[in-house]
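Undergrad: Sharing a structure here in structure tokens format.
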Amino acid sequence: LLGILAWGGAVSCQGYEEPDGNDACQEAGYAIANRTVTCGGDRDTGNERYRSLFRQYTCIAQFGVYVDPVDSVDGTPPAPVPNQIPPGAAFGCSVAIRQISCDQASRNGDSIASWLGAAPTCGQIFSGPGLGAGGAGGQGG
Amino acid sequence: VAERAGRRWRAGAGALAAVWLAAPLARADNNFYSPDGYTLTPGTTRYEAARQAAATNAQIFGAVGAYSRHVVPLLKKEGDGAMFELEYHATINAAKAPGECKVKLGKALDGCNLGTSINHLDLYGSNFAIAYKGGPISLFYSASLTMPVVIGPGINRGLFPYLTITGPVLAHAMVPMRLISKDFGKDVLPGIGIDAIGGGGFVSSYLTVNGGYALSQGLFGDIQVPKLQGFVTALVGDKFRELSTLVAGLRQFDYFGLTDFTDTAGRTTLYARQLRYIPPQTAATPTDAAANDQRDGAFNFVSGHLEQTDIAGYLDVSLSYLTKPTALLHEASVTVHTKGFRAQEAVQGSDPNAALRVGLTLGMVNLPDLYDFGVEGGRRFRFGLEIADGFFYASIRSNDPQTLAMFPMAYNALDIWAGIKFTSN
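Residue numbers (this note's numbering), protein chains in the order written: chain A, 1 to 141; chain B, 142 to 566.
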């Protein structure tokens, strides 16, 4: 009986979530915390930088609708919406942050704008001090 | 019955072979298996956390874990004896990460309207172990198969328990190949883990010293002092870096045999545990400069645990307090169960006529923020249902604190256990 219950629970439990823009922003925050720690900073500092990101910046990421290639062939692709970016590209900000050198991470310090300078995509998912439209303030590594 | 069991095994082996053959067409990446080729996005923190979860699964629910859960109790018992066990385990939602989902027949599946989904990672493991203790000598052997599976829109989770439950047989057969090639099988089923551990030691009523060699991890040692019911367990070896543990304290202390007292107040387990956490690292690839420019960022996860079990025969209370990385009440729970559940647990598998045992656990777990692992902290509801009858045991547990300690990247994890165990002395 327990096996059946367990099996049923596992099967019926949904194994995915549909992402929204906030997922891309959170992932960027995780990357800042993670790279802070893996470049020798302490965990409290990493956690504080994550919180600073959301205190200082607003998440503006909006995901574009996935354009099915088959639909495109049929001539019925959804019209692109301005300011929306493909979700895959939105996660590029976090990937870029995790790729910066430790020297750069050290120079970034507590300047969140500098962390968000790792890739132009970061300027597309956040708005706030030092971030212009389509670009970001600091330097990548 | 034997014929029916034989048919089941043949059907299971056939289904596994079918997946085995089809797998190259459906592989996700080298770290995870997914039947529809779903991926997690490499380079994100949660991807690396998921990769770490898969490695931890291979250690905890593989052959080394089987040794610690099943062989050690036999070695601690007085007198000669032998043990055989076969065990299945799944952790549902061990991690989650952004990833790619696919369209089928030109149509986006529900949940895949963006071409991207937050995919969950389930971990499966099965193992078996045999052990013998005669006079001052002990011998043991265990083999295991573990598999991380990326779940996404349209995937039926019910398939994998059936496939992975054949693991012990498969793993046992593949151990010789694993000796030749460390990555044997991974070209076919990405992320698959095949492991074995063998060893032996010296046993006395005052001190037991055991050592062994695990294919995946290298040498390890274990020292126990049965008379004092004390335990100090350390897992060592280069690759245990990601899961170095140190546990010390009293396990099921019976107050030196004061049965009148323990019948009412129960037995006490009191211990401190230190886990060494290493935040997800940037994956090493030849062109990846960041992977060569990082420190491990390791930190300690230190907790104190107090468990009073079989209070008046029917009740367990468990409390733990975390001192590092953040001081907080980590866990509080209560278990109501059939009489003498924990005492009988210690002799599970030795009495085919043992009474049916059932236990229900309710409580909460509190976790610190671990943004560097890609998870937020907070309180989670804890639930557990355990059942055992004769040689068979099974349980289902949500947010089990032991699981969350081993998988800090998990959020609302569900554990499923099932196994059989025979012990003689």
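Each residue gets a CB set at the ideal place from its N, CA and C atoms; glycine is no exception.
Note down, in chain order, every chain B residue with its Cβ under 7 Å from the Cβ of Ala118 (chain A).
TA: In the first sequence, counting from the first residue as 1, residue 118 (chain A) sits at position 118. Chain B residues near Ala118 (chain A): none, gap ~11 Å exceeds 7 Å.
Undergrad: Apply the 10 Å Cβ neighbour rule to Pro542 (chain B) and answer buried if 16 or more other Cβ atoms are within range, or exposed otherwise.
TA: One-based indexing of the second sequence puts residue 542 (chain B) at position 401. Buried, by the Cβ-count rule.
Undergrad: Could you run through the segment 18-34 of chain A and flag, in chain order, every residue whose CB is less than 7 Å away from some CB of chain B?
TA: Cβ contacts with chain B come from Glu18, Pro19, Asp23, Glu27, Gly29, Tyr30, Ala31, Ala33, Asn34.
Undergrad: Quick check on Asp513 (chain B) - is its C-beta less than 7 Å from some C-beta in chain E?
TA: Looking at the structure shown, chain E is missing, and the protein chains on hand are A and B.
Undergrad: For the beta strand (DSSP E) that Leu470 (chain B) lies in, which residues bound it at each end?
TA: For this step, residue 470 (chain B) is matched to residue 329 along the second sequence. First-last of the beta strand (DSSP E) with Leu470 (chain B): 469-478.
Undergrad: Look at His471 (chain B) and Asn507 (chain B) and say whether their C-beta atoms are less than 7 Å apart.
TA: Looking up residue 471 (chain B) in the second sequence gives position 330. Looking up residue 507 (chain B) in the second sequence gives position 366. Yes, they are a contact pair.
Undergrad: Hey, is Lys380 (chain B)'s beta-carbon within less than 7 Å of any beta-carbon in chain A?
TA: As a position in the second sequence, residue 380 (chain B) is number 239, starting the count at 1. Interpretation of Lys380 (chain B) is limited by its pLDDT of 36, a score under 50 that renders its predicted location unreliable; the figure taken from the coordinates is listed afterwards. Answer no: the Cβ-Cβ gap between Lys380 (chain B) and chain A never drops below 7 Å.
Undergrad: Nearest to Ser175 (chain B) by CA position, among B:Leu227, B:His261, B:Tyr208, is which residue?
TA: On the second sequence, position 34 is the one that residue 175 (chain B) refers to. For Ser175 (chain B), the nearest C-alpha among the options comes from B:His261.
Undergrad: CB-CB under 8 Å to Leu384 (chain B), same chain, minus the five flanking residues each way: which ones, in chain order?
TA: Here residue 384 (chain B) refers to the residue found at position 243 of the second sequence. Unreliable positioning characterises Leu384 (chain B) in this predicted model, as indicated by a pLDDT of 46, which lies under 50. A coordinate reading is not provided.
Undergrad: Using a beta-carbon distance below 7 Å, is His261 (chain B) in contact with chain A?
TA: Here residue 261 (chain B) refers to the residue found at position 120 of the second sequence. Yes, because at least one Cβ of chain A sits closer than 7 Å to the Cβ of His261 (chain B).
Undergrad: Just how far apart, CA to CA, sit Asp437 (chain B) and Gln422 (chain B)?
TA: Position 296 of the second sequence, counted from the first residue, corresponds to residue 437 (chain B). Position 281 of the second sequence, counted from the first residue, corresponds to residue 422 (chain B). Their backbone Cα atoms lie some 7 Å apart in a straight line.
Undergrad: Between which two residues does the beta strand (DSSP E) harbouring Thr232 (chain B) extend?
TA: Indexing the second sequence from 1 puts residue 232 (chain B) at position 91. Residues 222-241.
Undergrad: Rounded to whole angstroms, how far is the Cβ of Ala204 (chain B) from the Cβ of Ala235 (chain B), which I believe are closer than 8 Å?
TA: Sequence index remark: in the second sequence, residue 204 (chain B) carries index 63 (1-based). Sequence index remark: in the second sequence, residue 235 (chain B) carries index 94 (1-based). At roughly 19 Å, the Cβ-Cβ gap does not stay under 8 Å, so Ala204 (chain B) and Ala235 (chain B) are not in contact.
Undergrad: When you compare the segment 30-38 of chain A with the segment 270-286 of chain B, are there three or more beta-carbon pairs, one atom per stretch, that lie closer than 8 Å?
TA: Contact fails: fewer than three Cβ-Cβ distances are below 8 Å.
Undergrad: Could you please give me the residues that DSSP links to Gly341 (chain B) through a beta bridge?
TA: Mapped onto the second sequence, residue 341 (chain B) falls at position 200. Partner(s): B:Leu280, B:Gly352.
Undergrad: Which of the residues in the segment 273-286 of chain B, read from start to end, lie with their CB under 9 Å from any CB of chain A?
TA: Flagged: no residues at all.
Undergrad: Are three or more beta carbon pairs between the segment 340-353 of chain B and the segment 207-221 of chain B nearer than 8 Å?
TA: Cβ pair count under 8 Å is three or more, so yes.
Undergrad: Specify, as a first and last residue, the run of the beta strand (DSSP E) that Glu448 (chain B) falls within.
TA: For the purposes of this step, residue 448 (chain B) is taken as the residue at position 307 of the second sequence. First-last of the beta strand (DSSP E) with Glu448 (chain B): 440-452.
Undergrad: Since Gly122 (chain A) meets chain B, which of its residues come closer than 8 Å, beta carbon to beta carbon?
TA: In the first sequence, the residue the question calls residue 122 (chain A) occupies position 122. One detail in the question is off: residue 122 (chain A) reads as Cys in this sequence, not Gly. Ordered by position in chain B, no residue passes the 8 Å Cβ test against Cys122 (chain A), which lies about 14 Å from the chain.
Undergrad: Quick one: grab the DSSP three-state call for Leu399 (chain B).
TA: Indexing the second sequence from 1 puts residue 399 (chain B) at position 258. The answer is coil: DSSP assigns Leu399 (chain B) none of H, G, I, E or B.
Undergrad: Please list, in chain order, the chain A residues whose beta carbon lies closer than 7 Å to that of Pro421 (chain B).
TA: For the purposes of this step, residue 421 (chain B) is taken as the residue at position 280 of the second sequence. Simply Asn34.
Undergrad: If I'm right that Leu124 (chain B) touches Ser474 (chain B) with Cβ under 8 Å, what's the distance once you round it to whole angstroms?
TA: Residue 124 (chain B) lies beyond the residue range present for chain B, which begins at 142 and ends at 566; the question has no answer from this structure.
Undergrad: Are the CB atoms of Leu356 (chain B) and Asp324 (chain B) within a distance shorter than 7 Å?
TA: Sequence index remark: in the second sequence, residue 324 (chain B) carries index 183 (1-based). Sequence index remark: in the second sequence, residue 356 (chain B) carries index 215 (1-based). The answer is no: Cβ separation not under 7 Å.
Undergrad: Please list, in chain order, all residues of the same chain as Glu27 (chain A) whose beta carbon is under 7 Å from its beta carbon, the five residues on each side excluded.
TA: As a first step, residue 27 (chain A) must be located in the first sequence, where it is residue number 27. Only Phe91, Ser94 meet the Cβ criterion.
Undergrad: For Asp530 (chain B) and Arg192 (chain B), I'd like the C-alpha separation in whole angstroms.
TA: As a working note, residue 530 (chain B) is residue 389 in the second sequence. As a working note, residue 192 (chain B) is residue 51 in the second sequence. Near 36 Å, if we compare the C-alpha coordinates of Arg192 (chain B) and Asp530 (chain B).
Undergrad: Should Arg192 (chain B) be flagged as near chain A, meaning a C-beta pair shorter than 7 Å?
TA: To locate residue 192 (chain B), count along the second sequence from 1; it is residue 51. For Arg192 (chain B), the answer is no, since every Cβ of chain A falls outside 7 Å of its Cβ.
Undergrad: Can you list the residues of chain A that Gln89 (chain B) reaches, using a CB-CB cut of under 7 Å?
TA: There is no way to answer for residue 89 (chain B), as the model of chain B reaches only from 142 to 566.
Undergrad: Is there contact here, the segment 279-296 of chain B with the segment 40-52 of chain A, by at least three beta-carbon pairs under 8 Å?
TA: Contact between the segment 279-296 of chain B and the segment 40-52 of chain A is absent, because fewer than three Cβ pairs lie under 8 Å.
Undergrad: How would you call Ala61 (chain A), buried or exposed, if buried means at least 16 neighbouring beta carbons within 10 angstroms?
TA: Position 61 of the first sequence holds residue 61 (chain A). Classification for Ala61 (chain A): buried.
Undergrad: Output needed for Met550 (chain B): all residues of its chain with C-beta closer than 8 Å, excluding positions within five of it in sequence on either side, in chain order.
TA: Position 409 of the second sequence holds residue 550 (chain B). These residues qualify, in order along the chain: Arg187, Ala190, Ala191, Gln193, Ala194, Ala235, Ala236, Pro421, Leu511, Phe514, Gly515, Val516.
Undergrad: Quick one: is Asn47 (chain A) near chain B, going by C-beta distance under 7 Å?
TA: Counting from one through the first sequence, the residue named residue 47 (chain A) turns up at place 47. Closer than 7 Å to some Cβ of chain B, the Cβ of Asn47 (chain A) qualifies, so yes.
Undergrad: Using the beta-carbon of each residue, which ones in chain A are nearer than 9 Å to Phe440 (chain B)?
TA: Walking along the second sequence from the start, residue 440 (chain B) turns up at place 299. In chain order: Val37, Asp42, Arg43.
Undergrad: Classify Phe120 (chain B) as helix, strand or coil using the three-state DSSP reduction.
TA: One cannot answer for residue 120 (chain B) here, as it falls past the ends of chain B, which runs 142 to 566.
Undergrad: For Ala24 (chain A), which residues from the same chain have a beta carbon less than 6 Å from its beta carbon, with the 5 sequence-adjacent residues on both sides left out?
TA: Working through the first sequence from its first residue, we reach residue 24 (chain A) at position 24. So the list reads Ala61, Ala90, Phe91, Ile125, once near-sequence residues are dropped.
Undergrad: Would you identify the three-state DSSP class for Asn507 (chain B), choosing helix, strand or coil?
TA: The residue given as residue 507 (chain B) occupies position 366 in the second sequence. Strand, per DSSP.
Undergrad: Alpha carbon to alpha carbon, how far is Leu1 (chain A) from Met224 (chain B)?
TA: Here residue 1 (chain A) corresponds to residue number 1 of the first sequence, with the count starting at 1. Here residue 224 (chain B) corresponds to residue number 83 of the second sequence, with the count starting at 1. In this predicted model, Leu1 (chain A) has a pLDDT of only 49, less than 50, meaning its place in the structure is not dependable; the value taken from the coordinates is given anyway. The straight-line gap from Cα to Cα measures roughly 26 Å.
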